[in-house]
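> Here it is, the structure in full.
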Amino acid sequence: MSKKAKAVSSLVAVMLLGSALAGCTSGNSASGTDSKSDGKKEDRTLRMMASVIGGKSPEENTMFEKEIERLTGIKAKLDKPASDYNQKLMAAVSSGEKFDLLQVSKETMNQLIDQGVLTPLTDKVKASKVLQDPEVLPAAEWDQVKTKDGKIYGVFTKYQGGTMPIIRNDWLKKLNLPEPKTLDDYYKVLKAFTEQDPDGNNKKDTYGLSTAGMYELQGIFSAAGLKQRYVEKDGKLDVPYSTDAAIPVYQWLNKLYKEGILDPNFATNDTGKMRNLFLADRVGMITYWDAWVGMLNNTRKEQDPKTAFEAKGLPGIAGPGGKNMLRRGDPDVWVIPVNAEHPKTAFEFIEWWHSKDGIILGSLGIKDNDYTENGGKYELTKAGKEHAMDHGVPFWYNKKVPNPFGLLQGVKEAQDLLAKYSSLELTPPRWADAEKIINEYSFKAILGEMPAADAVKKMRETLKANKLID
């Protein structure tokens, strides 16, 4: 059993024990949560754990908690680990700690649903005037989080965008290069970024492409018409990156690596290192989220208002039939564990999170720290500008709450590309196990440790042996 599986199993045991001791219901709604089992009114207190929601520092996180209390009357305790969120989440809960709300990815939600440790919210959601308002949450979006039998266990924390190649458009202009469309075009552009001194420092210190491992290469594999994660056909699950159609893409990436066009540390980079290379004029293209087009531009402009720096999202490479394929990200959701001590307050908070006050807190941040407001007119502070209007909610669904500052440079264009070319990924509960195998053999192919055809064959055999594909 993997470490992750053991952690989940421990989590399940503790949470189910806590549920049994507390006499929690396992029904299809959170009804009966208006009071504790002893008949006393539930305290308006929350203990939450989140990865990206909250302050940008421990000190600011405390301010974030106080702002929640000021705006809602709910006394909140927000645990926000600085790193390794999923590991710390599993460790904390499996050790017996109780939380009222958890911010998790759809992938983690599916794992916990599979283990029976989350409170079903279906009836609560259907009865909620707030969450059923199509101006607040479009009805079609709920299909992203429903189980096959139509149940709902998680409610969106934000509007989740998608991923794409992000290029230094100012470098394209400086080197008089057209925007790339095909694999050959991308090769020529990335080679020029590596060899033609786009940063103008007379040193050979730039790379064409950097990634954080295999993270978000959908726009590249689009050239072969391949989805990043699972696909389902005739009831059978498959991983397109493990098919023969992927071999030419791996060979192309290996060519970039051999020629020094691909950042040699791509396999060990995290997303922060990748972004920092882009911001420091060390790399001309990365693969990342649409929101970061704006945040990258904003970061550089805050450092130097006269900068020529310009990040731009690209539609990726058209594949068979001229079709581009970008990835729409799995949503992050709020979930309520079965052993939550304040489930009624937790659901109240979820509804509030989608109100104007909740959205302003999740985006602009903390009043008088990140922004000031006078008569409905908002102004960002120095800290607020540095935080780029993202305290976990860079974008939201609620059409009744306009962005008081508009979108950051390049974001609207990136979102338009996603609306045109992206689709949701299929992420079954065991995706994490499959991803390890995909990464292992993808790296061998890209680094030249195995011929691409052999790596793909071995990847597929290993996925089948572990019953991760049909």
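The numbering of the sequence shown is the UniProt record's numbering, which starts it at 1 and goes up by one. Glycine residues also receive a C-beta, built at the ideal position from the N, C-alpha and C atoms.
(1) Quick one: grab the DSSP three-state call for E65.
(2) Kindly give me the distance between the Cβ atoms of Y441 and K458, rounded to whole angstroms, as I take these residues to be in contact under 8 Å.
(3) Tell me, to the nearest whole angstrom, how far the beta carbon of D290 is from that of L418; I am working on the premise that it is less than 8 Å.
(4) Look at the Cβ atom of Q144, then the Cβ atom of P331, and state whether they are nearer than 7 Å.
(5) Run through the DSSP bridge pairs and tell me what W352 is partnered with.
(6) Between which residues of its own chain and D114 is the CB-CB distance below 7 Å, once the five residues before and five after are set aside?
(7) Would C24 be called buried (16 or more neighbouring beta carbons within 10 Å of its own) or exposed?
(8) So, helix, strand or coil for K233, using DSSP?
(9) By the DSSP assignment, the beta strand (DSSP E) with E373 in it spans what residues?
(10) Shorter than 7 Å from the beta carbon of R44 to some beta carbon of chain D?
(11) For Y85 and S51, I'd like the C-alpha separation in whole angstroms.
(12) Which residues bound the beta strand (DSSP E) around E379?
(13) Ignore the nearest five residues each way along the sequence and tell me which others in R460's own chain have a CB closer than 6 Å to its CB.
(14) Between the Cα of Y130 and the Cα atoms of F347, L256, K75, which residue gives the shortest distance?
(15) Quick one: Cα of D416 to Cα of T119, how far?
(16) If M285 sits next to G208, beta carbons under 8 Å apart, how far is it from one beta carbon to the other, in whole angstroms?
(17) Out of A76, A455, R327, state which residue places its alpha-carbon closest to the alpha-carbon of D244.
(18) Classify R70 as buried or exposed, calling it buried when 16 or more other Cβ atoms lie within 10 Å of its own Cβ.
(19) Enumerate in chain order the residues of its own chain whose CB-to-CB distance from S26 is below 6 Å, with the five nearest sequence positions on each side excluded.
(20) Kindly indicate which three-state DSSP category M459 falls into: helix, strand or coil?
(21) Helix, strand or coil for V333, going by three-state DSSP, please let me know.
(22) Determine the contact status of L296 and A311, defining contact as a CB-CB distance below 7 Å.
(23) Does DSSP put P165 in a helix, in a strand, or in coil?
Based on what the coordinates show:
(1) Within the sequence shown, residue 65 is the residue found at index 65, counting from 1. Secondary structure of E65 (DSSP, three-state): helix.
(2) Counting from 1 along the sequence shown, the entry for residue 441 is found at position 441. Counting from 1 along the sequence shown, the entry for residue 458 is found at position 458. 6 Å between Cβ atoms; contact.
(3) Indexing the sequence shown from 1 puts residue 290 at position 290. Indexing the sequence shown from 1 puts residue 418 at position 418. Taking the Cβ atoms as the reference, D290 lies roughly 6 Å from L418, within the contact range of under 8 Å.
(4) Stepping through the sequence shown from its first residue, residue 144 is reached at position 144. Stepping through the sequence shown from its first residue, residue 331 is reached at position 331. Yes; because the gap between Cβ atoms is below 7 Å, this pair is in contact.
(5) Within the sequence shown, residue 352 is the residue found at index 352, counting from 1. W352 is not bridged to any residue.
(6) In the sequence shown, counting from the first residue as 1, residue 114 sits at position 114. Short of 7 Å from the beta carbon of D114, and not among the five residues preceding or following it, lie these beta carbons of its own chain, in chain order: P429.
(7) Working through the sequence shown from its first residue, we reach residue 24 at position 24. For C24, the predicted structure reports a pLDDT of 38, less than 50, and the residue's modelled location is therefore unreliable. A value from the coordinates is still provided. Buried, by the Cβ-count rule.
(8) For the purposes of this step, residue 233 is taken as the residue at position 233 of the sequence shown. K233 falls in the strand class under three-state DSSP.
(9) On the sequence shown, position 373 is the one that residue 373 refers to. Segment 371-374, the beta strand (DSSP E) holding E373.
(10) The chain inventory of the structure shown lacks chain D, comprising one protein chain alone.
(11) Within the sequence shown, residue 85 is the residue found at index 85, counting from 1. Within the sequence shown, residue 51 is the residue found at index 51, counting from 1. Distance between the alpha carbons of Y85 and S51: 6 Å.
(12) Here the question's residue 379 lines up with position 379 in the sequence shown. E379 -> beta strand (DSSP E) spans 377-380.
(13) In the sequence shown, the residue the question calls residue 460 occupies position 460. Its chain contains S242 as the residues whose beta carbon lies nearer than 6 Å to that of R460, once the 5 sequence neighbours on both sides are disregarded; these appear in chain order.
(14) Counting from 1 along the sequence shown, the entry for residue 130 is found at position 130. Inspection of the sequence shows that residue 130 is occupied by Val rather than by Tyr. Out of F347, L256, K75, F347 has the C-alpha closest to the C-alpha of V130.
(15) Reading the sequence shown from its first residue, position 416 is the one you call residue 416. Reading the sequence shown from its first residue, position 119 is the one you call residue 119. Going by the C-alpha atoms only, they are around 36 Å apart.
(16) By one-based count along the sequence shown, residue 285 stands at place 285. By one-based count along the sequence shown, residue 208 stands at place 208. Contact holds; Cβ gap of about 6 Å.
(17) Position 244 of the sequence shown, counting from 1, holds the residue named residue 244. Looking from the CA of D244, the closest CA among A76, A455, R327 belongs to A455.
(18) One-based indexing of the sequence shown puts residue 70 at position 70. Burial is judged here by how many other beta carbons sit within 10 angstroms of a residue's own beta carbon; R70 has fewer than 16 and is exposed.
(19) Position 26 of the sequence shown, counting from 1, holds the residue named residue 26. Note that S26 scores a pLDDT of 34, beneath 50, so its modelled location is shaky; the value from the coordinates is reported in the next line. Counting only Cβ-Cβ distances below 6 Å, and skipping sequence neighbours, we find nothing.
(20) Numbered from 1 along the sequence shown, position 459 holds the residue referred to as residue 459. Three-state result, M459: helix.
(21) Along the sequence shown, one-based indexing puts residue 333 at 333. If DSSP states are grouped into helix, strand and coil, V333 belongs with the strands.
(22) Working through the sequence shown from its first residue, we reach residue 296 at position 296. Working through the sequence shown from its first residue, we reach residue 311 at position 311. The answer is yes: Cβ separation under 7 Å.
(23) As a first step, residue 165 is located in the sequence shown; it is residue number 165 there, counting from the start. Here P165 carries a strand assignment [DSSP, helix/strand/coil].
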